[in-house]
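Engineer: I have a structure I would like to understand better, so I am pasting it below and will then ask my questions one at a time.
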Amino acid sequence: MLHDLDKTLEELLKAELPPAFVGTNATTRVSISFATPDREFASQIANAPTIDLFLYDVRENLELRSNEWVVDRQPNGTATRKRPPVRVDCSYAITIWTAGNQSDPQTEHRLLGEVMKALLRHPIIPVAVLQGSMKEQEILPRSLTLRPTQLQSLGEFWQAMGGRPKPALNYTVTIAIPVYEEAETLPLVLA
Numbered sequence: 132m133l134h135d136l137d138k139t140l141e142e143l144l145k146a147e148l149p150p151a152f153v154g155t156n157a158t159t160r161v162s163i164s165f166a167t168p169d170r171e172f173a174s175q176i177a178n179a180p181t182i183d184l185f186l187y188d189v190r191e192n193l194e195l196r197s198n199e200w201v202v203d204r205q206p207n208g209t210a211t212r213k214r215p216p217v218r219v220d221c222s223y224a225i226t227i228w229t230a231g232n233q234s235d236p237q238t239e240h241r242l243l244g245e246v247m248k249a250l251l252r253h254p255i256i257p258v259a260v261l262q263g264s265m266k267e268q269e270i271l272p273r274s275l276t277l278r279p280t281q282l283q284s285l286g287e288f289w290q291a292m293g294g295r296p297k298p299a300l301n302y303t304v305t306i307a308i309p310v311y312e313e314a315e316t317l318p319l320v321l322a
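Numbering (our numbering) for the sequence shown: 132 to 322.
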């Protein structure tokens, strides 16, 4: 499921970024990565800038937890009941990397700004970009951009990654995961 979320976010960015970044010109086209942004990652950047979406935290969204059964009444005198899916927050640190060991802050900031605008346009992930199991979501994935990070300290994060601090967007997507058995059909009691 998480790999389908990655593919969905990649499709969203490809659909929303300006053509200069996703076109066919190899000098301006960006790459999209989901790798750990450590020192080794930085040295592997090719010629084009790279948008890195590092999934650093996955946790249940307790505010959206529901223990209520979902009941769907049928016209034939029966009802289907099932437990609601578990809502899970997936938090990404989004950074921009330029080729080689030399950082290009102008390009990185410009591209980070475009990524931010693209993500802010969609508080709910559009159906058109959903990939794999994300297409089966009963509740469309919602996103939160520019919220406080789940990390204890960004400084400690970058130190653990072995690199210098970089500007980063915190982006959290809430997905619904069906973890309970299939729905059961029961007769309605009519009085």
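A virtual CB, placed ideally from N, CA and C, is assigned to each residue, including glycine. Remember, it's a predicted structure, so these values are computed and weren't measured experimentally.
#1: For the structure I just gave you, are there three or more beta carbon pairs, one from the region 247-266 and one from the region 138-149, closer than 8 Å?
#2: In this structure, does DSSP put V310 in helix, strand or coil?
#3: Find out if the Cβ-Cβ distance for the pair S197, P215 is shorter than 8 Å.
#4: Return yes when the Cβ of D188 is within less than 8 Å of the Cβ of T305, no when it is not.
#5: I'd like the list of long-range same chain contacts for V255, defined as Cβ closer than 6 Å, with 5 residues on each side in sequence excluded.
#6: Assuming contact is defined by CB atoms lying nearer than 8 Å, are F152 and V161 in contact in what I supplied?
#7: Enumerate in chain order the residues of its own chain whose CB-to-CB distance from D203 is below 7 Å, with the five nearest sequence positions on each side excluded.
#8: First and last residue of the alpha helix (DSSP H) that includes S174?
#9: Among the residues of its own chain, which have a CB less than 7 Å from the CB of T139, if the five just before and after it don't count?
#10: So which of T226, V258, M292, T316 has the shortest CA-CA distance to N301?
#11: Identify which residue in G244, P309, E191, Q268 has its Cα closest to the Cα of S222.
#12: Alpha carbon to alpha carbon, how far is A149 from E239?
#13: Tell me which same chain residues have a C-beta within less than 8 Å of the C-beta of T167, skipping the five on either side of it?
#14: Per DSSP, what kind of secondary structure is F165 in: helix, strand or coil?
#15: With respect to the beta strand (DSSP E) encompassing P296, which residues constitute its N-terminal and C-terminal limits?
#16: Determine the DSSP secondary structure at E191, reduced to helix, strand or coil.
#17: Ignore the nearest five residues each way along the sequence and tell me which others in L133's own chain have a CB closer than 8 Å to its CB.
Structural biologist: Let me lay it out:
#1: Touching, yes.
#2: Taking the sequence shown and counting its residues from 1, one reaches residue 310 at position 179. Residue state, collapsed to three classes: coil.
#3: Counted from its first residue, the sequence shown places residue 197 at position 66. Counted from its first residue, the sequence shown places residue 215 at position 84. Taking 8 Å as the Cβ cut-off, S197 and P215 qualify as a contacting pair.
#4: For the purposes of this step, residue 305 is taken as the residue at position 174 of the sequence shown. For the purposes of this step, residue 188 is taken as the residue at position 57 of the sequence shown. Not closer than 8 Å, so no.
#5: Here residue 255 refers to the residue found at position 124 when the sequence shown is read from its first residue. According to the sequence provided, residue 255 is Ile. The question's Val does not apply to it. Here the set comprises L271, R273.
#6: Working through the sequence shown from its first residue, we reach residue 152 at position 21. Working through the sequence shown from its first residue, we reach residue 161 at position 30. Yes, the pair counts as a contact, with Cβ atoms nearer than the cut-off.
#7: Within the sequence shown, numbered from 1, the residue matching residue 203 stands at position 72. Around D203: A210, T211.
#8: In the sequence shown, counting from the first residue as 1, residue 174 sits at position 43. Per DSSP, S174 belongs to the alpha helix (DSSP H) from 170-174.
#9: Here residue 139 refers to the residue found at position 8 of the sequence shown. The beta carbon of T139 is closer than 7 Å to those of I256, V260, L261, Q262, M265 in its chain, skipping five residues each way along the sequence.
#10: As a position in the sequence shown, residue 301 is number 170, starting the count at 1. It is T226 whose Cα lies nearest to the Cα of N301.
#11: Locating residue 222 in the sequence shown gives position 91, where the first residue counts as 1. Nearest C-alpha to S222: E191.
#12: The residue given as residue 149 occupies position 18 in the sequence shown. The residue given as residue 239 occupies position 108 in the sequence shown. Looking at the sequence shown, residue 149 is not Ala but Pro. Here the C-alpha atom of P149 lies approximately 15 Å from the C-alpha atom of E239.
#13: As a first step, residue 167 is located in the sequence shown; it is residue number 36 there, counting from the start. Closer than 8 Å at the Cβ level, and outside the excluded window around T167, lie F185, M292.
#14: For the purposes of this step, residue 165 is taken as residue 34 along the sequence shown, with counting starting at 1. Of the three classes helix, strand and coil, the one that applies to F165 here is coil, per DSSP.
#15: Within the sequence shown, numbered from 1, the residue matching residue 296 stands at position 165. Segment: none, P296 is in no beta strand (DSSP E) and carries neither H nor E.
#16: Position 60 of the sequence shown holds residue 191. Strand at E191.
#17: Looking up residue 133 in the sequence shown gives position 2. Counting only residues of its own chain and dropping the five nearest sequence neighbours on each side, L133 has a CB closer than 8 Å to the CB of L186, V189, C221.
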